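Trainee: For the sequence shown, the working numbering gives the first residue as 1, with consecutive numbering after it.
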Amino acid sequence: IKALADDVERTLSAAGNATAASVLSGAREAQTTLVTASMDAASQVKSLAADVERSLTLAGTTTAEAVTASAREAKNTLSAPSTGAPDQVKSLAADVQLPLTIAGSATAESITAGARDAQNTLINASADAASHVKSLAADVERTLSMAGSATAEAITSGAREAQNTLVNTSTDVATKVTS
């Protein structure tokens, strides 16, 4: 009976350890997946921000060039009838070019800052999730270990009780047989 109790205790302990190892392995895989997904998302956000920044810069430059070309054309058209008109067109073109350039730069900076914030949020969320998974794995491991120990103790106690009962019964029978 003792050997059976020892076998049951080893089996339960091995099952608890295997389950804890499996949960821990799953938690590590989940953490790796979350970190990879976070880095992929951050990379995509950075790439998108860079694309938008290039597009806005190009649009601002193109618009500024179009305004400048229109101003030159207006200058050429108006140069014969009036000498003051070209100066006004130049001034107007300069006034339009600067705000467009500033607006494009500000928009690009805003998108870049948003992308950084999104990346930081994803990294923090990934770290929090990994921490929760580690904590859960540790809790499961402790619970399984305690359950395995309690079960083994109960089986061992039951086996000892059965052994004592058998010894007492066989002693009683032997005493009655000899009397």
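Virtual Cβ for every residue (Gly too), placed ideally from N, Cα, C. Bear in mind the structure is a predicted one, so any value in this text is a computation, not a measurement.
Run through DSSP, which three-state label would Ile123 get?
Mentor: helix
Trainee: I need the DSSP call for Ile102, collapsed to helix, strand or coil.
Mentor: helix
Trainee: Round the Cβ separation of Ala108 and Thr57 to the nearest angstrom and send it over; I've been treating them as touching at under 8 Å.
Mentor: 6 Å
Trainee: Are the CB atoms of Leu136 and Ala27 nearer to each other than 9 Å?
Mentor: yes
Trainee: Does the distance from the C-beta atom of Thr68 to that of Gln97 stay below 9 Å?
Mentor: yes
Trainee: Report yes if the C-beta distance between Ala49 and Ile111 is below 9 Å; otherwise report no.
Mentor: yes
Trainee: Taking only runs of the alpha helix (DSSP H) that begin and end inside the region 22-85, which ones reach a length of at least 4 residues, in chain order?
Mentor: none
Trainee: Using the Cα positions of Asn164 and Val140, report the straight-line distance between them to the nearest angstrom.
Mentor: 36 Å
Trainee: Whose C-alpha, out of Thr61, Lys90, Ala154 and Thr62, is nearest the C-alpha of Lys75?
Mentor: Taking only the C-alpha atoms, the option nearest Lys75 is Lys90.
Trainee: Please report how far the alpha carbon of Thr36 lies from the alpha carbon of Ser55, in whole angstroms.
Mentor: Between the alpha carbons of Thr36 and Ser55 lies a gap of roughly 28 Å.
Trainee: Report yes if the C-beta distance between Ile155 and Ala5 is below 9 Å; otherwise report no.
Mentor: Against a cut-off of 9 Å, the Cβ pair of Ala5 and Ile155 comes out as a contact.
Trainee: Whose C-alpha, out of Ser131, Ala118 and Ala138, is nearest the C-alpha of Leu24?
Mentor: Ala138
Trainee: Between Gln2 and Ala162, which are expected to be in contact by the criterion C-beta below 8 Å, what is the C-beta distance as a whole number of angstroms?
Mentor: According to the sequence as given, residue 2 is Lys; it is not Gln. Incorrect: roughly 10 Å between the Cβ atoms, too far for contact.
Trainee: Nearest-angstrom Cα distance between Asn168 and Asp128?
Mentor: If I take the Cα positions, the gap works out to 60 Å.
Trainee: For Ile155, name the three-state secondary structure that DSSP assigns.
Mentor: helix
Trainee: Considering only C-alpha positions, which residue in the set Met39, Ile102 and Leu12 is nearest to Ser126?
Mentor: The shortest C-alpha separation from Ser126 is found at Met39.
Trainee: Taking the alpha-carbon positions, what's the Ala15 to Val8 distance?
Mentor: 10 Å
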